[in-house]
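Right, one structure below, let's go through it.
Residue numbers (the numbering used here): 264 to 622.
Right under this line is the structure:
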């Protein structure tokens with residue numbers, strides 16, 4: 264007989280429902296909603312249609328607009344928290360439509376995501392534009408100087424960057440909605456100086472189903488920022504997975520260990536367009552559709568805690584064996600053969616005594 268200790272861990276998913284609201288002004292409000300103030304009305308020439316949230320540093324807010332500005336291809340801006348000092352620090356330039364239908368320029372166009380701040384440098388992404396017309400990754404100083412494209416994306420790199428960037432040390436991590444080797448998106452890393460670009464994950468080729476969903480093993484079309492915990496990145500894919508309704512995944516920062524930790528199945532939500540929030544060992548997120556009313560869900564997903572090995576010691580007094588272990592949360596299991604199936608030993612607690620039989 265062979266024995267081992269085993270602790271079963273898992274995850275718990277739960278859902279609730281909430282309405283979705285849209286806003287088109289830059290605004291502030293007290294937590295109790297007693298004082299609401301619009302601190303900026305966009306005019307078009309100074310930006311239009313901000314999709315993303317804001318980045319705060321001291322008393323200054325930084326953000327992006329998808330359209331507007333001098334060329335109508337979007338802006339990067341700053342404004343004081345009291346509404347004064349609004350300044351466009353970057354106007355994205357005019358694009359040229361190529362025979363293949365892409366819109367190219369020198370600096371990118373239509374920023375969809377928010378900005379990542381490190382020191383006095385802002386990092387961001389654009390959905391289209393750049394030398395291939397499929398998006399860029401850029402940096403700009405908070406005073407508007409030093410604008411630089413760090414990466415002009417190509418189809419093989421991934422295309423259409425709707426998400427923002429996650430910074431760790433001198434490395435940026437991000438996602439592309441489509442492109443890559445299978446055409447359904449990528450996860451990538453790049454140094455903050457633009458060197459050493461790597462695709463960490465090419466999402467796998469999907470297949471259609473009779474119901475019209477697109478399924479695969481790992482997800483497709485990531486649209487949201489990644490979050491980082493230790494050396495693990497967590498994210499969402501808006502489509503794909505076993506039911507075609509999207510996935511939650513994790514992957515190591517070196518690209519290894521990719522694991523789907525949730526395949527959405529309609530009843531628990533479908534199409535997670537947004538990113539995740541991590542608190543302790545629990546991930547929180549939203550889906551755009553699905554749930555009991557097909558109007559979207561809010562979910563939580565409890566991650567399995569990492570197991571710390573504990574010793575199993577044995578004493579052999581006479582014709583018995585006594586097994587001891589220190590953590591009562593672990594159960595003793597046994598198998599008849601070295602490669603056999605393990606099963607729990609009923610009532611086995613430490614110390615566990617068993618008679619020795621056989622030769």
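Glycine is no exception: its CB is placed at the ideal position from the N, C-alpha and C atoms.
Original post:
Given that a residue counts as buried once 16 or more other Cβ atoms are within 10 Å of its Cβ, and exposed if not, what is residue 319?
Top reply: Looking up residue 319 in the chain shown gives position 56. The residue is exposed, with fewer than 16 neighbouring Cβ atoms inside 10 Å.
**OP:** May I ask you to list the residues that DSSP assigns as paired with residue 465?
**Re:** Locating residue 465 in the chain shown gives position 202, counting from the first residue. DSSP, once it has assigned bridges, lists 449 as partnering residue 465.
**OP:** Identify which residue in 542, 325, 543, 495 has its Cα closest to the Cα of residue 523.
**Re:** Counting from 1 along the chain shown, the entry for residue 523 is found at position 260. Closest by alpha carbon: 495.
Subject >> Continuous beta strand (DSSP E) assignments of at least 3 residues falling wholly in the segment 290-330 >> reply: 299-303, 318-320, 323-328
**OP:** Report buried or exposed for residue 304, applying the criterion of at least 16 other Cβ atoms within 10 angstroms of its Cβ.
**Re:** Numbered from its first residue, the chain shown carries residue 304 at position 41. That one is exposed.
Original post:
Assuming residue 397 and residue 422 make a contact with CB atoms under 8 Å, what is their CB distance in whole Å?
Top reply: Here residue 397 is taken as the residue at index 134 of the chain shown, counted from 1. Here residue 422 is taken as the residue at index 159 of the chain shown, counted from 1. Indeed they touch by this definition, with Cβ atoms about 3 Å apart.
Original post:
Per DSSP, what kind of secondary structure is residue 582 in: helix, strand or coil?
Top reply: Counted from its first residue, the chain shown places residue 582 at position 319. Residue 582 falls in the coil class under three-state DSSP.
**OP:** Use the C-beta contact count for residue 224: other C-beta atoms within 10 angstroms, 16 or more gives buried, fewer gives exposed.
**Re:** There is no way to answer for residue 224, as the model of the chain reaches only from 264 to 622.
**OP:** Report the three-state DSSP secondary structure of residue 383 (helix, strand or coil).
**Re:** Numbered from its first residue, the chain shown carries residue 383 at position 120. The answer is coil: DSSP assigns residue 383 none of H, G, I, E or B.
Original post:
Looking only at DSSP bridge pairs, what is residue 500 linked to?
Top reply: Locating residue 500 in the chain shown gives position 237, where the first residue counts as 1. Answer is 510.
Subject >> Whole-Å CB distance - residue 394 paired with residue 367, under 8 Å assumed >> reply: Here the question's residue 394 lines up with position 131 in the chain shown. Here the question's residue 367 lines up with position 104 in the chain shown. About 6 Å; that satisfies the 8 Å criterion.
**OP:** Determine, using beta-carbon pairs with one atom in the segment 467-479 and one in the segment 426-438, whether at least three such pairs fall under 8 Å.
**Re:** no
Original post:
Measuring CA to CA, which of 554, 542, 519 is closest to residue 534?
Top reply: Within the chain shown, residue 534 is the residue found at index 271, counting from 1. Closest option to residue 534, Cα to Cα, is 554.
Subject >> residue 372 in three-state terms, based on DSSP >> reply: For the purposes of this step, residue 372 is identified with residue 109 of the chain shown, where counting begins at 1. Of the three classes helix, strand and coil, the one that applies to residue 372 here is strand, per DSSP.
Original post:
Does the Cβ of residue 543 have 16 or more other Cβ atoms within 10 Å, making it buried, or fewer, making it exposed?
Top reply: Residue mapping note: residue 543 aligns to position 280 of the chain shown, counting from 1. Flag for residue 543 reads exposed.
Original post:
In three-state DSSP terms, what is residue 484?
Top reply: Position 221 of the chain shown, counted from the start, is the residue given in the question as residue 484. Coil.
Original post:
Rounded to a whole number of angstroms, what is the C-alpha to C-alpha distance between residue 286 and residue 316?
Top reply: Along the chain shown, read from residue 1 onward, the residue named residue 286 stands at position 23. Along the chain shown, read from residue 1 onward, the residue named residue 316 stands at position 53. For residue 286, the predicted model reports a pLDDT of 38, less than 50, meaning its position is unreliable; a value from the coordinates is still stated below. Cα to Cα, the separation comes out at about 11 Å.
Subject >> For residue 389, the nearest candidate out of 425, 369, 442 (CA to CA) >> reply: The residue labelled residue 389 in the question sits at position 126 within the chain shown. Considering only alpha carbons, the answer is 425.
Original post:
In three-state DSSP terms, what is residue 608?
Top reply: Taking the chain shown and counting its residues from 1, the one referred to as residue 608 is at position 345. Coil, per DSSP.
Original post:
Of all the options 417, 392, 402, which has the alpha carbon lying nearest to the alpha carbon of residue 410?
Top reply: Along the chain shown, read from residue 1 onward, the residue named residue 410 stands at position 147. Per the Cα distances, 402.
Subject >> Euclidean distance between Cα positions of residue 608 and residue 579 >> reply: The residue you call residue 608 lines up with position 345 of the chain shown. The residue you call residue 579 lines up with position 316 of the chain shown. Their backbone Cα atoms lie some 19 Å apart in a straight line.
**OP:** State the DSSP-derived secondary structure class of residue 477, mapped to helix, strand or coil.
**Re:** Taking the first residue of the chain shown as position 1, residue 477 is located at position 214. Note: residue 477 maps to strand in three-state DSSP.
Subject >> Alpha-carbon spacing of residue 354 relative to residue 307, whole angstroms >> reply: Sequence index remark: in the chain shown, residue 354 carries index 91 (1-based). Sequence index remark: in the chain shown, residue 307 carries index 44 (1-based). Their Cα atoms are separated by approximately 12 Å.
Original post:
Is the beta carbon of residue 327 sitting closer than 9 Å to the one on residue 378?
Top reply: One-based indexing of the chain shown puts residue 327 at position 64. One-based indexing of the chain shown puts residue 378 at position 115. Contact flag set, yes.
Original post:
When DSSP builds the beta bridges, which residues end up paired with residue 343?
Top reply: On the chain shown, residue 343 is found 80 positions in, with the first residue counted as 1. Per DSSP, 323.
Original post:
From which residue to which residue does the beta strand (DSSP E) around residue 548 run?
Top reply: Taking the first residue of the chain shown as 1, we reach residue 548 at position 285. Here the beta strand (DSSP E) through residue 548 covers 545-550.
Original post:
Within 10 angstroms of its Cβ, does residue 489 collect 16 or more other Cβ (buried), or is it exposed?
Top reply: For the purposes of this step, residue 489 is identified with residue 226 of the chain shown, where counting begins at 1. With 16 or more Cβ atoms within 10 Å of its Cβ, residue 489 is classed as buried.
**OP:** Just grab the DSSP bridge partners of residue 521 for me.
**Re:** Taking the chain shown and counting its residues from 1, the one referred to as residue 521 is at position 258. BP columns for residue 521 are empty, so no partner.
Original post:
Assuming residue 515 contacts residue 500 under a Cβ cut-off of 8 Å, what Cβ separation, rounded to an integer in Å, is found between them?
Top reply: Translated into positions along the chain shown, residue 515 becomes position 252. Translated into positions along the chain shown, residue 500 becomes position 237. Not confirmed; about 17 Å, so no contact.
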